[in-house]
Structures are given as C-alpha cells and as structure tokens.
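>
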Amino acid sequence: MLDEVSTQKGVAALRTDVKISEEGLLTDDFVRQLINVGEVDILVGLPTYNNAKTVGPVVAAIQSGILQWFPRDRAAIINADAGSRDGTPEMVVGASIDDVRRRDFNRLALRTLHSISMQYGSTVARGTALRTVLAAGELLQAKATAIISPDSTNIKADWLRDLLKPICTDNFDLVLPTYARHKFEGILVTNLLYPMTRALYGLRIREPYASEFAFSSRLGSQFLAQNQWNDDGAGEGSEVRLTLAAITGGLRIGQSFLGAKNHTDRHAADLVPALRQTVGVLFWSMDSNFSLWSSKTGSQPIPTTGAEQEFTHDPRRVNRKRLHEMFRSGVAELASVFQSILSPATLGELQQIAGLAEEDFYYSAELWVRTVYEFAVAHHKAVISRDHIVQALAPLFRGRAFTFLMENRNSSADEVEANVESLCLEFERLKPYLLEMWSGKK
Amino acid sequence: MREMIVSELTQAVQELARGFARFLPRLIVLVIIAFAGWVIAYLLKILARSILRLIRFDRLSDNAGASQLLAKAALPPSSELVSLFVFWVAWLGFILLGISVLGIFGLQEHIARFFLFLPRLFAALLIMFLGLLAASFFSRAALLAAVNGNLPSPRLLSNSIRGIIIVFALSMVFEELGIAQETVLVAFGIAFGAIMLGLAIAFGTGGKELAQHFLESRLRHRHEEEKNEDELSPL
Chain A
1 MLDEVSTQKG VAALRTDVKI SEEGLLTDDF VRQLINVGEV DILVGLPTYN
51 NAKTVGPVVA AIQSGILQWF PRDRAAIINA DAGSRDGTPE MVVGASIDDV
101 RRRDFNRLAL RTLHSISMQY GSTVARGTAL RTVLAAGELL QAKATAIISP
151 DSTNIKADWL RDLLKPICTD NFDLVLPTYA RHKFEGILVT NLLYPMTRAL
201 YGLRIREPYA SEFAFSSRLG SQFLAQNQWN DDGAGEGSEV RLTLAAITGG
251 LRIGQSFLGA KNHTDRHAAD LVPALRQTVG VLFWSMDSNF SLWSSKTGSQ
301 PIPTTGAEQE FTHDPRRVNR KRLHEMFRSG VAELASVFQS ILSPATLGEL
351 QQIAGLAEED FYYSAELWVR TVYEFAVAHH KAVISRDHIV QALAPLFRGR
401 AFTFLMENRN SSADEVEANV ESLCLEFERL KPYLLEMWSG KK
Chain U
1001 MREMIVSELT QAVQELARGF ARFLPRLIVL VIIAFAGWVI AYLLKILARS
1051 ILRLIRFDRL SDNAGASQLL AKAALPPSSE LVSLFVFWVA WLGFILLGIS
1101 VLGIFGLQEH IARFFLFLPR LFAALLIMFL GLLAASFFSR AALLAAVNGN
1151 LPSPRLLSNS IRGIIIVFAL SMVFEELGIA QETVLVAFGI AFGAIMLGLA
1201 IAFGTGGKEL AQHFLESRLR HRHEEEKNED ELSPL
C-alpha cells in the first residue's frame, strides 16, 4: 500500500517534470515506460551499439550486482541504444533476472528490476547516450547512477558495489574506476590526460576518461542543466566533461579499483577521435576554468578504494617502427602547421629529434610537456582551427609513445609507475611556463 | 571700330566672368565635398580598422594564407589594407560626386558606372578572401588527415586541394567582375576537363601496369598493416 502511494506521487511529479525537461530527447514511449517504473534508488545506464556478442554477460553481471549488493533498493537498467541491428536492445530488455536469482542466490529479490531501452539515434553518439541516461535518472529521481560499458566482458557483480556504494553511503558525487591494465595500455591517459588533469586541477584522478563510472543525482542534475548540449561537439568527450564538471563544481570525487578490464573493440579507440574526446575537451575546459586551474599548485590524492593503479606485463604486439616513422613524417610534413602552434625553440628541438635513428631517438618528458602546453595555449588563442590543433598533436604523441615504450620495455610495474609519476611532476613543475604562455608574457 | 572691339572684349570678359562666377561655386562645392569626403573616409577607415581588429581579421587572414601573400608582396597587414581600401573607395566616391556637380558633359555616365561597379568589386574581393580561407582550411584538413592516415605524399594532396579551390575562386571572381567571362569559363572547363582526362588516361591506360602494381602493393600493404596492427588502445 505504501509502495503504491509513493509510486502515485512519483508518477505525478514525473509528469510535471517530463513537460519541462528533455522533451525533444526522450520519446513518448520511453517516457511512458519511465512513468510506469515510478521512482528508483539506483539506475544503471548501458549505452550500446551492436553489442549482442557481449551484452548478455554484462546485463547478467549488472543484475547479479543489484541482487547481491542492493536487494532492498529500487533499481532500473536504462539501455540507450544507437540503432543496433543485431538485437542488442531486445537482449537487454529480455534478460530475465529470475535466471540470475536461481543461479546465483536461490532466493527472491525484494524489488522488481526494470529494464528499458530507447533508441536515441541511428549513429553512435556517446554524449547523447549519456544525456538520455541523465534525463531518465532525473525523471526517475535516482539517487545514484552507474554507467557500464557493454564491452566490459570481464565485468563482475562487485563493480556495482565498488562504483555505487561510495555514492549511496559516503556521499560521493563521482566515483571513477582504476583498473589493472597492461603497462602499455592507455598511453594517452598515462602520458597526457592523467598528468595534465592532475597538474591543472590539482587532483590525482587516474582515469578522467572512464567507460565505467557512477555519479550522484546532484552531479547528474547539474551536468544535465549546465552542459550546452546543443553546441557543436558538446556531446563529444562527455565522460571527460562530467569529470571536469565534478572538479570545477567542487564536488566529492572518489576512485574504486575494479580489477582488470578487457577491451573487445580495441580499434574503436583510434588516436585522432581519442584525442578529440579527451585532450580536445581538456583544452576546451581551460578557457572557462582559468581562474580555478591557474590558482592550483601541486596535487592531492583523492579517496581511493583498492589499488590506485596496477600494471600487468603480458606480451602484446606493438608496431614501434610505425610509431617512429609516423612521428618523423608528421614533423616533416606538418612543419607549416607546427609553425603556427609551437615556439621556434620547441619546434627546432622536435625537428632535431625527428632526424635521429630509432635507437637514438628520445622524446624527453620536459620537451613533451612543453609541446603539450604550447598546444593548449595555441588552442586557447585559436591560432588555427581548434580541431586541426588537436589533430596535429597525433604524430607528436606517437613520438612520445615510442619513447615511453622504449623506456619501459623491460620495466617492472613499480618502475612504470615511477616513470608516470615523474612525468606528472614534470607537468606540475612546468605549469608556470604554461601560465606565462597563456598570459602572453612569453 | 574701336568701340566695337572694346565692346566685344568687354562682353567676352563679362561672359568669362559670368562663366567663372557660375563655375566657382561648383568648384567650391567640389572642394567642400572632397574635404568632407576626406573626413568621412578617414572616419570610415578608423571605424573599419576597429571593427577588423575586433573580429580579429588579421588572424582570419593568417588562417587564409592571405597574410603570407601580402608579406611576400611587401604590402601592409590585411586589416590595414582593407581599411585603406575603404578610405580610398569612400574618398574617391566623394570626389566623383563632387566632379558630377561640375556638370561636365559625358563624365556623369562614367561616374554612375563606377558606383554601379562598386558592389561587384566588393563581392569579388569577398569571394577571393573566402576562397583563400576555404583553400587554407581544406588543404590543412587534408594534410592532417593524410599524415594521420599514413597516406603517401600528403603535401602533394594538400597543395592540389589548395590549388583547385583557388582556381575555382579566381574563376568566380572574374565572373563577378565581368572580365573575359566566356574566356575564363571556357579556359576553366578545358583545364579541368584536361586534368581529369589526363589523370584517367594516365592511370587507366598509360600507367596500367603501374596502377596494377599500385593496387596490388596497396592491398598487400594493407594486409600486412592489419597483421602488424597494435593490440593496444590509446585510452
């Protein structure tokens, strides 16, 4: 009876909310289904596109996690689909929680777990997918929302606990993951995104661009309202935007170690789109948050459950020769573009190392940091098209990646971690150089 | 006889004086218009310069590659050049307006033509500037895409795109100005057709073996590339 009353109240509130928010985004059918759900405590967002091969175990793990760790909470799974043609949404909606109950717990859940799917478009747009989940979360008044990647083949039920518990019980607003990764996996994160975010905003966030994360209703509502979704490219890199919104909003951020993460679709993260989604967004954030980042010095750790980072060593195939060749040809072919972006001294040094043979090649941390900072300033001043500036960073990043691979070829996990830490300190040490360039003193 | 001469001379002098009296106010009006025009043109120049600085026209010009062209020709920066152009066009317009007051037969038609030509001149200049801007943007985009895609001869591709866009913009400029319209159109058509035909013949017939070799090596290269694909993701 009490449940019925609260559901009716919730539905009334929802109907009012639906009128005023996100009318263009959510379909009528989707809103109708949300109204039928009422209010929830926990929401799990699952953005998909042709993930039929992997989505089954992922949904089972999510259901298992909810049953195991949140049996008394009202929960729902929202699938934001980009128009899959392999039956992914049907698999998500049709996955029966009873199988999980019988297999894993042999008991009945106290609540009904709803699974709803909505097709938000016909092409993949991660920003729109996140916005759909955010809007649904707001309408359902979810206290905590987790986003889970559909290609996380080794997801465990514990991930739900690790991501959502800090929000539900410790009042965190954003919980980001840390993973056990191969030492050469995510070089863009270890060599640019993590150290630069840390140097700028003073927080040691290991994965500013996460495919699994959780956030509070407060952050969700703020982000949904503040983010200019209609601007060109506003949806791009929405994960990094959310992290930056939490940082700049002074909200509580935590990290949880999730263990190993498998990437089934490695080629989805090509370098140029990856740069746009991460570095492009980070550079973009520097314009509007100058007063915040310019006043920060040094960096602080953030509360972390479990290990902050783990590196694994299993053998991987990497085409180092191609990285070196692409750096060399990039520096030679893009000289006219770099003249607009880089200082003569930095460009001169890059041209000098581009002439070195593979065995002598070394792209030092100091030169790399100066390069990145000069790119950030060029992006701020829009010396050429901002998208072209981000694209021009790709060949230089390949050079730095080559050096990182060579430096850490035989390194242990601790040595790799020490090298990453040393690079982070270099980013922090050279921050005054960035500020001088930014203000035009250099 | 003497009286007649004096009378004629007096009449001639009087006519000259009358003519001069008729002409002098017009000349004064011309001078006033020219002076007022100079002041207005100068103000317009300052206004144009301020607006151009406000919209960062020099940066746009840098992006378009126009600044480099101007520097090579030892000309002032583009914002200065445009504001000078505004000044001279405005002042010249006022001077011509003043001259039309003089009422010199046959000149007014030319002056009217000049004023009718001005909008086309402005449109042509705008087309040229936008053409340079587009050429610079797309050639750079092609260069970056080719370098990041590891394609052969990225600069050749980029320069070709720049050249095609500039030629296209120039043909539009000539058409707008009405200079040798038919000649430009025919020349453009012949040149474009010749390039395309030449490429088709060179690639399809003349370079049959080369094309075969290129395609084979390209496919093999791609196959080998796929085999050498990294197992790592940057993120």
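Chains A and U are the protein sequences, given in the same order.
Going by this note's numbering, 328 is the number at position 328 of the first sequence; the sequence numbering is gapless.
This note's numbering runs 1000 ahead of the 1-based position in the second sequence.
Quick reminder that beta carbons are idealized off the backbone N, C-alpha and C, glycines included.
Computed from a prediction, not measured in an experiment: that's the story for all the values here.
#1: Hey, how far is the Cα of residue 1234 (chain U) from the Cα of residue 1074 (chain U)?
#2: Are there 16 or more other CB atoms within 10 angstroms of the CB of residue 1047 (chain U), so buried, or fewer, so exposed?
#3: Which residues, in chain order, does the segment 1051-1067 of chain U contribute to contact with chain A at a C-beta distance below 9 Å?
#4: Would you check if the distance between the CB atom of residue 369 (chain A) and the CB atom of residue 271 (chain A) is smaller than 8 Å?
#5: Within this structure, are the beta carbons of residue 183 (chain A) and residue 313 (chain A) separated by less than 8 Å?
#6: With DSSP as the reference, please indicate the residues paired to residue 310 (chain A) in a beta bridge.
#7: Would you list the residues sitting across from residue 1138 (chain U) in a DSSP beta bridge?
#8: In angstroms with no decimal places, state the Cα-to-Cα distance between residue 391 (chain A) and residue 337 (chain A).
#9: When the cut-off is 8 Å and only beta carbons count, does residue 324 (chain A) lie next to chain U?
#10: Can you tell me whether residue 1046 (chain U) sits near the ligand NAD, meaning its C-beta is under 7 Å from at least one heavy atom of the ligand?
#11: Quick one: what's residue 146 (chain A) bridged to in DSSP?
#12: Less than 8 Å between the beta carbons of residue 117 (chain A) and residue 89 (chain A), yes or no?
#13: In three-state DSSP terms, what is residue 202 (chain A)?
#14: Starting from the beta carbon of residue 177 (chain A), find every residue of chain U whose beta carbon is closer than 8 Å, and list them in chain order.
#15: Do you know offhand how far residue 942 (chain U)'s Cα is from residue 240 (chain A)'s?
#16: Tell me which same chain residues have a C-beta within less than 6 Å of the C-beta of residue 157 (chain A), skipping the five on either side of it?
#17: Decide yes or no for the touch test of the segment 242-251 of chain A against the segment 158-165 of chain A: beta carbon pairs closer than 8 Å, at least 3 of them.
#18: Quick check on residue 362 (chain A): buried or exposed, where buried means 16 or more other Cβ atoms within 10 Å of its Cβ?
#19: Using the Cβ count rule (16 or more neighbours within 10 Å means buried), how would you classify residue 1045 (chain U)?
#20: Would you tell me roughly how many angstroms separate the C-alpha atoms of residue 48 (chain A) and residue 85 (chain A), rounded to the nearest one?
#21: Check this for me: beta carbons of residue 340 (chain A) and residue 262 (chain A), under 8 Å apart or not?
#22: Counting only beta-carbon atoms, is residue 1036 (chain U) nearer than 8 Å to chain A?
#23: Taking buried to mean at least 16 other C-beta atoms within 10 Å of its own C-beta, is residue 374 (chain A) buried or exposed?
#24: Contact defined as beta carbons within less than 8 Å: I believe residue 176 (chain A) pairs with residue 213 (chain A). What is the distance between those atoms, to the nearest angstrom?
#25: I'd like the list of long-range same chain contacts for residue 401 (chain A), defined as Cβ closer than 6 Å, with 5 residues on each side in sequence excluded.
#26: If you follow the alpha helix (DSSP H) that residue 91 (chain A) is in, where does it begin and where does it stop?
#27: Quick one: measure Cβ to Cβ for residue 92 (chain A) and residue 59 (chain A), integer angstroms, because I've assumed they're closer than 8 Å.
#28: Quickly, what does DSSP pair residue 1114 (chain U) with across the bridge? List them, please.
#29: CA-CA distance, residue 317 (chain A) and residue 406 (chain A)?
#30: Let me know if residue 1021 (chain U) comes out buried or exposed under the rule of 16 or more other beta-carbons within 10 Å of its beta-carbon.
#31: Using the beta-carbon count (16 or more within 10 Å), is residue 1088 (chain U) buried or exposed?
#32: Pull up the DSSP beta-bridge partners for residue 1081 (chain U), would you.
The structure says:
#1: Cα-Cα distance, rounded: 46 Å.
#2: With fewer than 16 neighbouring CB atoms inside 10 Å of its own CB, residue 1047 (chain U) falls in the exposed class.
#3: Residues 1056, 1059, 1062 and 1063.
#4: Between residue 369 (chain A) and residue 271 (chain A), the gap from beta carbon to beta carbon reaches 8 Å or more.
#5: Against a cut-off of 8 Å, the Cβ pair of residue 313 (chain A) and residue 183 (chain A) comes out as a contact.
#6: DSSP, once it has assigned bridges, lists A:180 as partnering residue 310 (chain A).
#7: Answer by DSSP bridge pairing: none, since residue 1138 (chain U) is not bridged.
#8: For residue 391 (chain A) and residue 337 (chain A), the distance between alpha carbons rounds to 11 Å.
#9: With 8 Å as the cut-off, residue 324 (chain A) does not count as an interface residue toward chain U.
#10: Annotation note on the ligand NAD: not contained in the displayed structure, which lists no ligands.
#11: DSSP, once it has assigned bridges, lists A:44 and A:214 as partnering residue 146 (chain A).
#12: Residue 89 (chain A) sits close to residue 117 (chain A), with the two beta carbons spaced by under 8 Å.
#13: Coil at residue 202 (chain A), not helix or strand.
#14: Neighbours of residue 177 (chain A) on chain U: none; closest Cβ ~13 Å, over 8 Å.
#15: Outside the shown range of chain U, which is 1001 to 1235, sits residue 942 (chain U), and nothing can be said about it.
#16: Taking C-beta separations shorter than 6 Å and ignoring five residues to either side along the sequence, the partners of residue 157 (chain A) in its chain run 61, 64, 65 and 68, following chain order.
#17: Contact between the segment 242-251 of chain A and the segment 158-165 of chain A is absent: fewer than 3 CB-CB pairs across the two stretches fall below 8 Å.
#18: The residue is exposed, with fewer than 16 neighbouring Cβ atoms inside 10 Å.
#19: Classification for residue 1045 (chain U): buried.
#20: Linking residue 48 (chain A) to residue 85 (chain A) through their CA atoms gives a straight-line distance of about 11 Å.
#21: No, the Cβ-Cβ distance between residue 340 (chain A) and residue 262 (chain A) is not below 8 Å.
#22: Answer no: the Cβ-Cβ gap between residue 1036 (chain U) and chain A never drops below 8 Å.
#23: Classification for residue 374 (chain A): buried.
#24: Sure, about 5 Å apart at Cβ, within 8 Å.
#25: So the qualifying residues of the chain are 187 and 323.
#26: For residue 91 (chain A), the enclosing alpha helix (DSSP H) has its first and last residue at 88-94.
#27: Rounded, the Cβ-Cβ distance is 6 Å, consistent with contact.
#28: Among the bridge pairs identified by DSSP, residue 1114 (chain U) is matched with none.
#29: The C-alpha of residue 406 (chain A) is placed about 14 Å away from the C-alpha of residue 317 (chain A).
#30: It counts as exposed.
#31: Per the 10 Å Cβ criterion, exposed.
#32: Answer is none; residue 1081 (chain U) lacks a bridge partner.
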